[in-house]
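Chemist: So that we are looking at the same thing, I have put the structure below in structure tokens.
In our numbering, the protein residues as written are 374 to 892.
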């Protein structure tokens with residue numbers, strides 16, 4: 374059937390298929406370790422690719438990489454099972470695989486910028502509390518308002534350091550920003566950096582449309598993320614996948630119910646997304662899963678235990694493939710009960726009993742029929758994949774990477790001027806301005822001192838001038854030495870003449886008087 378994917382044959386030899394028109398109603402592949410989940414995942418991914426639907430999946434153990442090579446006699450069981458299941462068109466076939474790797478070691482690098490990640494996902498990534506998340510949100514707001522690009526971890530670290538320096542200014546406008554909270558975030562950034570997170574942030578940023586492409590034969594490209602190393606940082610892994618879903622949701626247009634999905638997203642080790650996730654993040658996951666269907670994207674969660682998926686999300690999963698579960702613990706018993714109750718009943722099957730007794734390569738299958746109703750659950754032998762089941766050699770992987778249409782597009786990292794560089798310039802400008810203000814203040818002080826000294830000298834000059842004027846006035850009021858000598862001489866002459874005149878006159882008078890007397 375060209376409008377559906379063959380999954381396998383039921384125990385009644387009835388074909389079990391996944392209707393492409395209903396494939397964007399999401400799905401679940403669950404089962405204990407070693408029950409065949411990976412083979413089921415590989416077979417579905419091949420089916421979507423052959424139907425012209427691009428696929429993204431994470432290769433946690435490294436064995437999905439074999440899809441880049443055709444199957445062979447080395448895995449003769451695949452051909453044998455195909456014959457038993459009367460798959461007349463079965464033939465070994467390689468898939469158009471593109472390898473990706475957040476660390477750029479086993480595939481093309483995938484990067485995003487700090488700004489595109491946003492404070493919510495970053496807070497989830499670093500395990501911040503509400504107060505620290507608030508401070509991080511303030512840092513993002515300040516960066517947006519001041520045109521400071523946050524591209525990599527260095528930018529975010531510089532931005533946080535700047536916020537600590539201007540904490541008083543930020544607190545009055547946005548809310549309390551403490552240096553203690555900033556320091557806690559910085560320590561988490563160092564931890565993230567030590568786990569390789571710095572490789573994920575930067576430019577060139579990944580173009581999400583590169584996931585949605587076909588090869589020359591019209592097959593959807595199979596984008597495989599090398600996740601074996603990434604699994605050592607489960608928080609980074611979960612945050613990256615959620616970011617990817619969010620980017621798809623924000624980038625793709627509304628398409629309603631297309632005849633087939635635009636992209637199918639397999640979310641392996643899905644429990645990592647939900648472990649200890651805060652309510653805000655859970656709401657985000659639920660929102661994206663619920664709404665991304667209208668963008669033509671199907672999301673399939675792959676996990677060991679179906680109860681790993683929260684009820685709000687599990688309720689959105691219409692297509693289910695349940696491999697065997699083992700009832701070793703009370704939690705396993707709850708999982709079996711939960712799984713058996715979620716299927717549309719089949720009178721022929723005791724689902725709770727069948728789940729524990731299925732063989733490797735068998736599963737309980739229920740998918741959405743063309744009218745949207747779930748099909749009755751059927752015990753199903755899963756169809757074998759056409760590509761290699763198992764890993765690639767390093768040389769084979771490198772051949773695929775070099776032949777990729779994206780070879781060379783993302784490998785070289787770009788480091789343009791962003792927040793870190795701009796804040797360094799701002800600090801230098803601030804330091805230069807502070808130095809200029811300091812020099813200006815010093816010069817003003819020197820000028821004031823000089824003016825004070827000048828005023829003091831001027832006052833002294835004025836006092837001296839006044840003293841001189843007073844001296845001149847006194848000098849002008851006193852007679853000169855010549856005048857004193859003439860006056861003295863005149864006085865002396867007058868005195869002498871007076872004495873002489875007086876003496877002569879006296880003598881004459883005496884003689885006159887005496888003469889008269891004696892006459």
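No residue lacks a Cβ here, since even glycine has one placed at the ideal position from N, Cα and C.
Between the C-alpha atoms of residue 382 and residue 508, what's the straight-line distance to the nearest angstrom?
Modeler: Taking the straight line from one Cα to the other gives about 56 Å.
Chemist: In this structure, what does DSSP give as the bridge partners for residue 496?
Modeler: Partner(s): none; residue 496 has no beta bridge.
Chemist: May I ask you to report which of helix, strand or coil DSSP gives residue 399?
Modeler: In the structure shown, residue 399 sits in coil (DSSP, three-state: anything other than H, G, I, E or B).
Chemist: I believe residue 625 touches residue 668 by the beta-carbon criterion, under 8 Å. Please report the beta-carbon distance rounded to the nearest angstrom.
Modeler: About 4 Å; that satisfies the 8 Å criterion.
Chemist: Between which two residues does the alpha helix (DSSP H) containing residue 507 stretch?
Modeler: Unbroken alpha helix (DSSP H) run through residue 507: 503–518.
Chemist: Measuring alpha carbon to alpha carbon, tell me which of 476, 424 and 500 ends up nearest residue 557.
Modeler: When each option's Cα is compared against that of residue 557, the closest is 500.
Chemist: State yes or no: is the C-beta of residue 352 within less than 8 Å of the C-beta of residue 752?
Modeler: Since the first residue shown for the chain is 374 and the last is 892, residue 352 is missing from the structure and cannot be characterised.
Chemist: What does DSSP give as the partner residue(s) for residue 736 in the beta ladder?
Modeler: Answer is 753.
Chemist: In terms of DSSP beta bridges, what is residue 673 paired with?
Modeler: According to DSSP, residue 673 bridges with 400 and 639.
Chemist: The beta strand (DSSP E) with residue 383 in it runs from where to where?
Modeler: 377–383 is the span of the beta strand (DSSP E), which, as asked, contains residue 383.
Chemist: What three-state label does DSSP hand residue 678 in the structure shown?
Modeler: Three-state result, residue 678: coil.
Chemist: How far does the alpha helix (DSSP H) with residue 388 in it reach, from first residue to last?
Modeler: Careful: residue 388 lies outside any alpha helix (DSSP H), inside the beta strand (DSSP E) at 388–392.
Chemist: Can you look up residue 892 in the DSSP assignment and give me helix, strand or coil?
Modeler: Caution is warranted here: a pLDDT of 49 is assigned to residue 892, below 50, making its placement in the model unreliable, and the coordinate value is therefore given only provisionally. The answer is coil: DSSP assigns residue 892 none of H, G, I, E or B.
Chemist: Just the C-alpha distance for residue 456 and residue 645, rounded to the nearest angstrom, thanks.
Modeler: Each residue's Cα considered, the two are about 38 Å apart.
Chemist: What runs of the alpha helix (DSSP H), each 4 residues or longer, lie entirely inside the region 513–594?
Modeler: Runs found: 526–538, 540–546 and 552–567.
Chemist: Any idea what DSSP makes of residue 696, helix, strand or coil?
Modeler: Note: residue 696 maps to coil in three-state DSSP.
Chemist: With DSSP run on the structure shown, which of helix, strand or coil describes residue 431?
Modeler: Residue 431 falls in the strand class under three-state DSSP.
Chemist: If we ignore side chains and look at the alpha-carbon of each, how far apart do residue 809 and residue 596 end up?
Modeler: Answer to the nearest angstrom: the Cα atoms are 57 Å apart.
Chemist: Taking the C-alpha atoms as reference points, what is the distance between residue 780 and residue 811?
Modeler: If you take the alpha carbons of residue 780 and residue 811, they lie about 55 Å apart.
Chemist: Taking residue 608 as the reference, which of 795, 647 and 387 has the closest Cα?
Modeler: Checked all of 795, 647 and 387; the closest Cα to residue 608 is 647.
Chemist: If you measure between the beta carbons of residue 504 and residue 554, is that distance less than 8 Å?
Modeler: Cβ atoms of residue 504 and residue 554: closer than 8 Å.
Chemist: DSSP three-state call for residue 624: helix, strand or coil?
Modeler: In the structure shown, residue 624 sits in a helix (DSSP, three-state: H, G or I).
Chemist: Within its chain, find whatever has a CB closer than 6 Å to the CB of residue 384; leave out the 5 residues flanking it on each side and keep chain order.
Modeler: Answer for residue 384: 752, listed in chain order.
Chemist: Should residue 532 be labelled buried (16 or more other beta-carbon atoms within 10 Å of its own) or exposed?
Modeler: It counts as buried.
Chemist: If we cut at 8 Å on Cβ distances, does residue 549 have a partner in chain D?
Modeler: The structure shown has no chain D; it contains just one protein chain.
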